[in-house]
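The next block holds one structure in the form of structure tokens; read it before the comments.
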């Protein structure tokens, strides 16, 4: 599954897998995933919640809303614990559909 977060002209895409009730594994987090740009309006909007040291602990999701692009713990419709927490920029993988 994938979710996006738009920051000005970049679309950050998080790819994740639900591993159990309330838990996900982050597979990729990148602004170079062409699917995120092409399907932004079809995908969920997502926000990775981090500690002070930029270690990801949770993923918040909500349906796409062009007028409310920010996702947080208050407006999320789904919140998942991340089972593979690590530094936020350590998730990026080399993928074939890079822009």
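Residue numbers (my numbering): 261 to 359. Ideal Cβ placement from N, Cα and C applies to all residues, glycine included. Bear in mind that the values here come from a model prediction, so they are computed numbers and not experimental data.
Legend entry - As assigned by DSSP and simplified to three states, the class of residue 268: The sequence position of residue 268 within the chain shown is 8, counting from 1. It is coil, neither helix nor strand.
Inset, instruction - Would you identify the three-state DSSP class for residue 296, choosing helix, strand or coil? - result: Mapped onto the chain shown, residue 296 falls at position 36. Three-state result, residue 296: helix.
Inset, instruction - For residue 277, count neighbouring Cβ atoms within 10 angstroms of its own Cβ and tell me buried if that reaches 16, exposed if not. - result: Reading the chain shown from its first residue, position 17 is the one you call residue 277. Counting every other CB atom within 10 Å of its CB across the protein chains shown gives residue 277 a total below 16, marking it as exposed.
Legend entry - Backbone secondary structure at residue 327 - three-state DSSP: By 1-based counting over the chain shown, the position of residue 327 is 67. The three-state secondary structure of residue 327, taken from DSSP, is coil.
Inset, instruction - For residue 305, name the three-state secondary structure that DSSP assigns. - result: Translated into the one-based positions of the chain shown, residue 305 becomes position 45. If DSSP states are grouped into helix, strand and coil, residue 305 belongs with the strands.
Inset, instruction - With a cut-off of 8 angstroms on the beta carbons, I'd call residue 318 and residue 279 a contact; round off their distance for me. - result: As a working mapping, residue 318 is identified with position 58 in the chain shown. As a working mapping, residue 279 is identified with position 19 in the chain shown. Here residue 318 is actually not in contact with residue 279; their C-beta atoms are around 14 angstroms apart, not less than 8 angstroms.
Legend entry - Run of the beta strand (DSSP E) containing residue 342, from where it starts to where it stops: Mapped onto the chain shown, residue 342 falls at position 82. Taken as a continuous stretch (DSSP letters only), the beta strand (DSSP E) holding residue 342 covers 338-342.
Legend entry - Neighbourhood of residue 270 by C-beta, 7 angstroms cutoff - its chain only, sequence neighbours within 5 removed: Along the chain shown, one-based indexing puts residue 270 at 10. The answer, listed in chain order, is 291.
Inset, instruction - State buried or exposed for residue 359, treating a residue as buried only when at least 16 other CB atoms are found within 10 Å of its CB. - result: Your numbering for residue 359 matches position 99 in the chain shown. Any reading at residue 359 must be qualified, since the residue scores a pLDDT of 46, below 50, and its modelled position is unreliable; no value is offered.
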